[in-house]
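What follows is a set of notes on a single structure, which appears directly below.
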Amino acid sequence: MQHFLQSVYDLIVETSTNLPADVRRAIRNAQSLEDKGTRAALSLSTIAQNIEMAETNVSPICQDTGMPTFIIHCPVGADQITMKRQIREAVAQATKDSKLRTNSVDSLTGANTGDNLGPGTPVIHFEQWERDDIEVKLILKGGGCENKNIQYSLPAEIPGLGKAGRDLDGIRKCVMHSVYQAQGQGCSAGVIGVGIGGDRTTGYELAKHQLFRSLDDVNPNEDLRKLEDYVMENANKLGIGTMGFGGQVTLLGCKVGVMNRLPASFFVSVAYNCWAYRRQGVVLNAQTGEIQDWVYERGSDQPMNETAQPVAAAEASQPEAAAAAPDAGGERREIVLQTPISEEQIRQLKVGDVVIINGMMHTGRDALHKYLMDHDSPVDLNGAAIYHCGPVMSQDQAGNWTVRAAGPTTSIREEPYQGDIIKKFGIRAVIGKGGMGPKTLAALKEHGGVYLNAIGGAAQYYARCFKKVEGVDFMEFGIPEAMWHLQTEGFAAIVTMDSHGNSLHADVEKNSLQKLEQFKEPVFA
20 MQHFLQSVYD LIVETSTNLP ADVRRAIRNA QSLEDKGTRA ALSLSTIAQN IEMAETNVSP
80 ICQDTGMPTF IIHCPVGADQ ITMKRQIREA VAQATKDSKL RTNSVDSLTG ANTGDNLGPG
140 TPVIHFEQWE RDDIEVKLIL KGGGCENKNI QYSLPAEIPG LGKAGRDLDG IRKCVMHSVY
200 QAQGQGCSAG VIGVGIGGDR TTGYELAKHQ LFRSLDDVNP NEDLRKLEDY VMENANKLGI
260 GTMGFGGQVT LLGCKVGVMN RLPASFFVSV AYNCWAYRRQ GVVLNAQTGE IQDWVYERGS
320 DQPMNETAQP VAAAEASQPE AAAAAPDAGG ERREIVLQTP ISEEQIRQLK VGDVVIINGM
380 MHTGRDALHK YLMDHDSPVD LNGAAIYHCG PVMSQDQAGN WTVRAAGPTT SIREEPYQGD
440 IIKKFGIRAV IGKGGMGPKT LAALKEHGGV YLNAIGGAAQ YYARCFKKVE GVDFMEFGIP
500 EAMWHLQTEG FAAIVTMDSH GNSLHADVEK NSLQKLEQFK EPVFA
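For the sequence shown, position 412 (counting from the first letter as 1) is numbered 431 according to the working numbering, and the numbering increases by one without interruption.
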């Protein structure tokens, strides 16, 4: 199969850079359901623009290209050893070409392999079938949404919903709670795969396999079809919305599968996937390895949203709509800030303001935050903006770096560190997605800082805001975890935690819990 390696490489590039048509249709539908000018609508507009930019630039939709997971169906006699070796070669080449981020990290040392290869990465599953051709499917599921996977063992007491028994209503409560607990941290609006039964391992595997189904399909099991329909109708009543900003659409899809279990065990496993629902597949000629067909309808050339605008531009051009929007809380403002930022400027901001940042910005994730707790910073962070981001970077022959993809990572992981680091270094703006907790909120109030929520997954939209890479520290942490120093222009994000003790994330979580409680009563007889 002389073309197998190239075909797998093409599959990786397509999956990373071009959302399939069924996902695009779901996002367009979500746009039509949101009130014009709300935070959710403006976020979806940015998402739509990002999808188009990724396709046009042939660059990652989201900088977190996840754990590449392949499922290969092949005829009896196919050379699986050679196919596995060539899949690994294709992954390494795609990483070198900045189509995948360097995501394979030694669990004991924290060292990044730099090529996405290592024990357990990528994930490759082979299954034989009776057909003569080969099918290769790939899903790229990022760490932010992977962290919101959840498994329940029934019977159980479900927060907000009470007792969940070993029946369809108990399963229903688990699934509804799984959507609630994700909030905006999994880059909602999302898609969930649900696995009923199995053991702890196979239950999660079954759940992830559901994510390979088309969003347009119909479950052949009548009970599961009813459950999917129920979840889709009612999860969107929780009011979590895009990015957890509140809104009409929290879920883009729900797919449920079932398998037998042990008498003593009853697991309900949920695999949560972000809106950047990157999965694709190819059917290959078994003799040549050439692509014969694509498994999922490929992304269309039709614009996602002909009126798509950056979030700040949309705010500026629609002041009446923004002021009238249900989540606006009065007319919102657009404020331009130049780093370094003063405490006086920060104290004037409030939840709902759109902030445009110009000047120097520094990235920092898990490794850097841990390091800064006990060490000095290599640069002055007084008045600085720190961005929770692990970018995709490329370097030319002269040694110059370019940002290829740079959306926000989930901020809650830095909750144990962030408040102390704000106090220690005088950081004024923390940028990420999904919000942070009470310790960070208290530090923002005491020391004069704000949390800015960027649009999760919008890696191309934000990458264009970084005009120059001024330098980098801690490359020993690996490219995603290094501290990049970036000259920034026009970086737009929304204040969701301010210096006055207000948190949009806490408000949405409280309100959605109240709405979740209305689904306590039995539904399925």
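All residues carry an ideal CB built from backbone N, CA and C; glycine is no exception.
{"Item": "Nonlocal neighbours in the same chain, by C-beta distance under 6 Å from Gly189, ignoring five residues either side", "Value": "Leu173, Ala183"}
{"Item": "Identified DSSP bridge partners for Met380", "Value": "Leu505"}
{"Item": "Nearest-angstrom beta carbon gap, Gly258 and Arg58 [assumed within contact, 8 Å]", "Value": "Incorrect: roughly 12 Å between the Cβ atoms, too far for contact."}
{"Item": "Sequence-distant residues of the same chain with beta carbon closer than 6 Å to Arg297, five excluded per side", "Value": "Thr34, Leu159"}
{"Item": "8 Å Cβ cutoff, Gly509 in contact with chain C", "Value": "Absent from the structure is chain C; it holds one protein chain and no more."}
{"Item": "Unbroken beta strand (DSSP E) run spanning Lys182, endpoints", "Value": "181-183"}
{"Item": "Whole-angstrom distance between Val77 and Ala111, CA atom to CA atom", "Value": "17 Å"}
{"Item": "Selected residue, minimal CA-CA separation from Leu2, among Arg191, Gly476, Leu187", "Value": "Since the first residue shown for the chain is 20 and the last is 544, residue 2 is missing from the structure and cannot be characterised."}
{"Item": "Assigned exposure category for His381 - 16 Cβ within 10 Å defines buried", "Value": "buried"}
{"Item": "Endpoints, beta strand (DSSP E) assigned at Ile450", "Value": "448-451"}
{"Item": "Through-space distance from Pro359 to Glu252, alpha-carbon basis", "Value": "46 Å"}
{"Item": "Minimum C-alpha distance to Gly260 - residue among Pro410, Val210, Glu465", "Value": "Val210"}
{"Item": "Three-state secondary structure assigned by DSSP to Pro229", "Value": "Strictly speaking, residue 229 in this sequence is Gln, with Pro absent from that position. Three-state DSSP puts Gln229 in a helix."}
{"Item": "Exposure of Lys442, with buried meaning 16 or more beta-carbon neighbours within 10 Å", "Value": "exposed"}
{"Item": "Identity of the residues DSSP links to Leu159 by a beta bridge", "Value": "Arg297"}
{"Item": "For Ile211, three-class secondary structure by DSSP", "Value": "strand"}
{"Item": "Inter-stretch contact (C-beta, 8 Å, three-pair minimum) for the segment 113-120 and the segment 21-40", "Value": "yes"}
{"Item": "Buried or exposed by the 16-neighbour rule on C-beta atoms within 10 Å, applied to Lys529", "Value": "exposed"}
{"Item": "Cβ neighbours of Leu24 in the same chain (closer than 7 Å, five flanking residues each side left out)", "Value": "Gln105, Glu108, Ala109"}
{"Item": "Per-residue burial, Ala342 [other beta carbons within 10 Å of its own, 16 or more giving buried]", "Value": "Residue placement at Ala342 cannot be trusted, given a pLDDT of 29 that sits under 50; what the coordinates show is reported in the next sentence. So Ala342 counts as exposed."}
{"Item": "Rounded Cβ spacing between Glu247 and Val268 (contact assumed at less than 8 Å)", "Value": "Not confirmed; about 16 Å, so no contact."}
{"Item": "Cβ distance (whole Å) where Pro87 is taken to contact Asn135 below 8 Å", "Value": "7 Å"}
{"Item": "For Thr515, three-class secondary structure by DSSP", "Value": "strand"}
{"Item": "Contacts around Ile177, its chain only, beta-carbon distance under 7 Å, and the 5 residues preceding and following it disregarded", "Value": "Ala183, Lys192, Cys193, His196"}
{"Item": "Beta-bridge pairing of Ala175 - partner residues as DSSP gives them", "Value": "Ala183"}
{"Item": "Any alpha helix (DSSP H) of 4 or more consecutive residues that is wholly inside the segment 96-157", "Value": "99-115"}
{"Item": "Residue environment, Trp148, which counts as buried when at least 16 other CB atoms sit within 10 Å", "Value": "exposed"}
{"Item": "Ala332 versus His228 - alpha carbon distance", "Value": "Its pLDDT being 39, under 50, Ala332 is placed unreliably in this model, and the coordinates cannot settle the point."}
{"Item": "Residue range of the alpha helix (DSSP H) that includes Leu63", "Value": "58-76"}
{"Item": "Endpoints, alpha helix (DSSP H) assigned at Gly438", "Value": "434-444"}
{"Item": "Other residues of its chain near Arg43: CB distance less than 8 Å, five sequence neighbours each side excluded", "Value": "Ile70, Gly318, Ser319, Met323"}
{"Item": "The alpha helix (DSSP H) enclosing Glu33, as first and last residue numbers", "Value": "23-36"}
{"Item": "Reference Gly300; option with closest CA among Cys293, Ala462, Ser233", "Value": "Ser233"}
{"Item": "Cβ neighbours of Arg352 in the same chain (closer than 6 Å, five flanking residues each side left out)", "Value": "Asp372"}
{"Item": "Contact set for Leu532: own chain, Cβ-Cβ below 6 Å, skip 5 residues either direction", "Value": "Gly179"}
{"Item": "Residues near His22 by beta carbon distance below 7 Å, same chain, minus five either side", "Value": "Thr307, Gly308, Glu309"}
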